[in-house]
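Have a look at the structure below before the remarks.
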Amino acid sequence: MGCEKPADLVQVGEGKLRVWGFSIYTATSYRCADTRLGDGSQVQGPFMLSLTYARDIDRNALLDATRDQWQRLGLAKDQGPAWLSALASLWPDVKKGDRLSLFIDRAGQSMFYLNDRRLGEIAEPAFGPAFAAIWLHPDASYQQVRTALLGGS
């Protein structure tokens, strides 16, 4: 069937996030060669989003940013606290050069990796699309990154 693991996917796009002139990360999106991301509002697996960090960022800052973006987009209202708790148990602090990746499989299970080491998973199918929406939702905060991740320039 193909596309059952991250290595089976093809790159769609890549964008760099800079805030106030500081590089934060390079985001890269991947999908099956025979699928489309559409407008990014409802990502389905197989799909992968990787963030390669340009600086050290502590886990709590990552969790706060995730919560803030979900609130801004009106996502994960009911599930947010439980999902953030799950992420707190999975995510480490990231160091400059680390790659934190989300892989959503065909069944909708979300797996996180740090570099090539699997950190764990969140099985709830609604989680992956809500997490990916931080970058891909039509109202995402960083539209240039969104456009690049969807394969635009």
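All residue numbers for the sequence shown refer to our numbering, where the first residue is 50 and numbers rise by one. A virtual CB, placed ideally from N, CA and C, is assigned to each residue, including glycine.
- Message: Do R148 and L112 count as a contact pair if the criterion is CB distance below 9 Å?
- Response: Counting from 1 along the sequence shown, the entry for residue 112 is found at position 63. Counting from 1 along the sequence shown, the entry for residue 148 is found at position 99. Here L112 is not near R148, since their CB atoms are 9 Å or more apart.
### Task
Please go through the same chain and pick out, in chain order, the residues whose beta-carbon is closer than 8 Å to the beta-carbon of D117, but skip the five residues on each side of it.
On the sequence shown, position 68 is the one that residue 117 refers to. None.
Practice problem: For the region 65 to 148, list the beta strand (DSSP E) runs that are entirely contained and at least 3 residues long, ordered along the chain. | Solution: Entirely contained in the region 65 to 148, the beta strand (DSSP E) runs reaching 3 residues are, in chain order, 71 to 80 and 96 to 102.
DSSP-derived helix/strand/coil call for G177: Within the sequence shown, the letter at position 128 stands for residue 177. Reduced to three states, the DSSP call for G177 is helix.
State the beta-bridge partners of L163 as determined by DSSP. Here residue 163 refers to the residue found at position 114 of the sequence shown. Its beta-bridge partners are L149 and R166.
key: Beta-bridge partners of I183, as assigned by DSSP   = By one-based count along the sequence shown, residue 183 stands at place 134. The partner list for I183 (beta bridge, DSSP) is empty, contrary to what the question assumes.
- Where does the unbroken alpha helix (DSSP H) through A56 begin, and where does it stop? Translated into positions along the sequence shown, residue 56 becomes position 7. Careful: A56 lies outside any alpha helix (DSSP H) and carries neither H nor E.
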